[in-house]
Structures are given as structure tokens and as C-alpha cells.
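Residue numbers (this note's numbering): 4 to 415.
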Amino acid sequence: MKTTAISTVRTEDPANRDAEWRLPSDTTVFDEIVADLSSTLFSSFRRKDQRRKAEQYLQGLLTAPGRKSIRNIAAQVGGSSAEQGLHHFISSSTWDWRPLRAALASHLEQIHCSQAWVVRSTHIPKAGEHSVGVDKLFAPQSGRTFRGQRAFGVWSVSERLSAPINWRLFLPHQWVNDHERRDRAEVPEEFGTESLEECAVAAALDTVRLRGGRRRPVLVDLRQGGVAKAMARFASAGLPVLARVDASYPLAVADRALPGYGAGALPARRILEMVKGMRRPVHWLDAETSWTSRTSLAAAVAVTCPAGPGAGHPRQLLLVGEWLDPARPPAQVWLTDMTQLQVAPLLRLTKLTRRVDRDFSHVGEATGLRDFVGRSFRGWHRHITLASAAHTAVVLARDDYGMARGVVPVSA
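Given below as C-alpha cells:
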């Protein structure tokens, strides 16, 4: 399949909003990457017309200017005559997106040796009220309320690159309990009420099933609550976890030799402040600032998590704190069951979230991860699966390390 690569991928990095990335003028390497990806992903289609439409849609995601709506994609790859066929392929066809996601995950694993899975919350603003899952929601990152959808993407990530391999759409209780809405959006019966934290955890556990039992450490944000239950669910699945938690989350010091032992549950921030003498410098590379070398102070403390409903018996965990300013409280607080690791590799593992944020803003936005304009549950999943494939094609071609494939910043 011959593909003319997207000319620019704009970043939303507030420190450099005018920065752009462009693919090389000779698109031979990029075309080879897209062809290889298409062959790997679309082999699960039984019919040639489905494979052809999948290739068209992927090409449109990579070439259509502006919003990656079905109309804009059709205009790029076949004109108005292609729109109806692509609309049916995405919104009304019967093909299952899960084999494509499994193939995408395997393909990425062979290429970049994933270090972890990062569960990232994605907010998708919507003007209307009929798209599946739309509600008035709160975005913790911006501190603002918005109308739209919220989804959790599971990103396969290494220091070199990241790409989403699985998705779970959050359904507010209004959607779960309204049978008319459910029927109109074709929401499967197995999807019931769940909290945001439960949705995030389920996305990661679904990925284990998708990958045939293969596991990677999971990085997930649990600052809104549900920590004990989430940690127990990960443990039951045999899935290592590194969870960001609120600084006020109560924990008990498990090391007899440390201050606070025997004092019962204490806020995580207080425990870390009591062991400031254990802090050590950790050097790491910042993916958000073109691999600038940075240093933080970090400490790890053995703790137990108070048992709650469904959490089981308390077990020993590590509380990890990071200080960007030694005179101020910890900037980030993490909880993990990977107690065999030292504080330095654990802190560097948390920085993979910055790799994901960078790739989402530099690439994912431009390849349509937030652009589906249909209303159905299945349509959303099919679109975002193919948009994930488009994102993967770009990050594989872009290769930040040494720019080995010829990708250069516009300013260079």
C-alpha cells in the first residue's frame, strides 16, 4: 500500500507550541513501515473488501488534514463515493477490533521491547450529547469540568517510543442504567457500572487477556481513590504495579528501624518527610524536553496498605517519593509491589509516563485518537484501534534516538 506520510505532527507542549515534526521527504521507509503494519494487523480480516477498507482508513488517518472524521478520511482516499462504505466499515460492520489490538501489541513487542504498560486517561471533548459515554466530566490535569468522553488507553512504552495497544471507554452511570441509550449506542451487555479507577484497572487486566497472558509492569494513576482494591486486583492477576497515589493516602510503616513504625496509618507525605535522610539523587532523561538529563531526590520506604473492602490482607509494598526541590514536600508519591527493585530504577520507570504524554501530544492528536465523530460503542472502538495503528506507524518512523530514520525537527 502506497502512503504519502502526514507532513507535520504538531506538539501541544506548552513550552514550545510552534514545534513541529516532519517525516523525511523520501517516504520509502515510512511506506514500508505502513505496509508491514497493514499486513500484520489486517490479516485477521476474512474478506478482501474489509482489508481494503482498513488500509484506506489507515491511509486516511495518516494523510487527511485536520480532524480525522470519516468524511475527511473518505475525501482523502476515495471521495464521496468512499464515505458510505467507510462509515459502514467503522460503525455498522461486524468485525472484531480485539484481534487487531493483539496483533498490534505483538508487533510492537518485537520491535521495541516494552518496559511497561502505562494506563493513561484521555479526555475527548464533545459538543453534542449523543456520542456513547458523553457526560459532564472533571479533568484533574486541567482542574476543569468539560462535556465529553473519557477513555483509558493502555500504552506499550519504552524510553524509545510508546503507542496505545488497548482501550476502555468509561461509561457514566447515566449510560449504564439508561436502556434506551445503551441500545442506541449498541453497548454490550457485559459493561456495567464502574468507577474511574475500576475502569483504569480493567483496561490493564483486559490487556493481559488480549496478550495471551504476557505481562508488563503497569503504571497507573490512582490519586482519586480505590487504591487498596486496585492493588489487590493487580496482585490477583499477577500483574506488577506502580501506582501514583495522593500524598494524603494513609499507609503504615513496615520497617521496625524507621520512624513511624507502630504509629498506625499515617499520610504518605508524612512518612516520606520523616525519612528525608534516606533520600538519594537519581539521574534520568526527560522525554518531554528532548532528553535533557535531570536529577531528582528519591526515597523508598517499606509500608503496608490498610485493608479495605475487597482488598484482602495487608501485604508489604514500597512507598516511593520524589523531590524536585529538597526544601519542599515530595512532588510525586508512588506505591508499588515491586519490592525487589531499588529506588533508582523505580523512579526511572515512573518517567515513562512522560514518554507517553509526549507521544500523545506530538503524534496521537494528529493521527485521530480523539477524533471519532460517530455515536456507537463499536464504532468508537474500531476507529481508535485504527488510529492507534496510525500512531504506531508514525512513532516507528520518527525514532527519536539518533533520528536513525531521518526524522528531523523543522527547526534543525
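Glycine included, every Cβ here is placed at the ideal spot set by N, Cα and C.
For residue 167, the closest C-alpha among the options 152, 229, 103, 179 is that of 103. The Cβ-Cβ distance between residue 305 and residue 346 does not fall below 8 Å. Residue 319 has 307 as its beta-bridge partners, per DSSP. Our two residues, residue 131 and residue 121, have alpha carbons roughly 30 Å apart in a direct line. A straight-line Cα-Cα distance of about 9 Å links residue 196 and residue 178. By the C-beta density criterion, residue 117 is buried, having at least 16 other C-beta atoms within 10 angstroms.
In this model, residue 58 and residue 389 are separated by some 9 Å (Cα to Cα). DSSP places residue 284 in the uninterrupted beta strand (DSSP E) bounded by 283-289.
Residue 151 has 128, 138 as its beta-bridge partners, per DSSP. In chain order, 151, 152, 373 place their CB closer than 6 Å to the CB of residue 127, counting only its own chain and leaving out the 5 sequence neighbours on each side. The three-state reading of DSSP puts residue 181 in coil, since its state is none of H, G, I, E or B. Judged by DSSP secondary structure, residue 163 falls outside any beta strand (DSSP E); it is assigned neither H nor E.
The beta carbons of residue 359 and residue 398 sit about 11 Å from each other, so the pair does not count as a contact at 8 Å. With respect to the 8 Å criterion, residue 332 and residue 268 are not classified as neighbours on the basis of their beta carbons. Ranked by Cα distance from residue 297, the options 286, 291, 290 are led by 286. Judged by DSSP in its simplified three-state form, residue 224 adopts strand.
Counting only runs of 4+ residues, the alpha helix (DSSP H) found wholly inside the segment 54-83 occupies 73-80, in chain order. Rounded to whole angstroms, the gap between the alpha carbons of residue 371 and residue 182 is 30 Å.
In the structure shown, the three-state DSSP call for residue 294 is coil. Going by DSSP, residue 356 is part of the alpha helix (DSSP H) stretching over 355-362. DSSP, reduced to helix, strand and coil, places residue 370 outside both helices and strands of the structure shown, so it counts as coil. Assignment of residue 332 by DSSP, reduced to helix, strand and coil, places it in the coil class. The residues 158, 358, 359, 362, in chain order, have a CB closer than 6 Å to that of residue 165 in the same chain once the five nearest residues on each side in sequence are set aside. With a 10 Å radius around the Cβ and a threshold of 16 neighbouring Cβ atoms, residue 180 comes out exposed.
Look at residue 171 here: in three-state DSSP terms it is strand.
With distances taken between CA atoms, residue 106 lies nearest to 47 out of 81, 351, 47.
If you ignore the 5 residues before and after residue 139, its C-beta comes within less than 7 Å of the C-beta of 148, 150, all in its own chain and listed in chain order.
Taking one beta carbon from each stretch, the segment 73-88 and the segment 198-214 have fewer than 3 pairs nearer than 8 Å; the two do not touch.
Sixteen is the threshold: when 16 or more other Cβ atoms of the shown chains lie within 10 Å of the Cβ of residue 100, as they do, the residue is buried. Per DSSP, residue 327 lies in no beta strand (DSSP E) segment and is marked neither H nor E. Between residue 36 and residue 400, the CB-CB gap stays under 8 Å. DSSP, read as helix, strand or coil, puts residue 95 in helix. Residue 252 is not a Cβ neighbour of residue 238, given a cutoff of 8 Å. By a beta-carbon distance limit of 8 Å, residue 336 contacts residue 247. Their separation comes to about 7 Å. Within the same chain, 115, 116, 117, 118 come within 7 Å of residue 161 by CB-CB distance, once the 5 residues on both sides are set aside. For residue 247, the beta-bridge partners assigned by DSSP are 224, 337.
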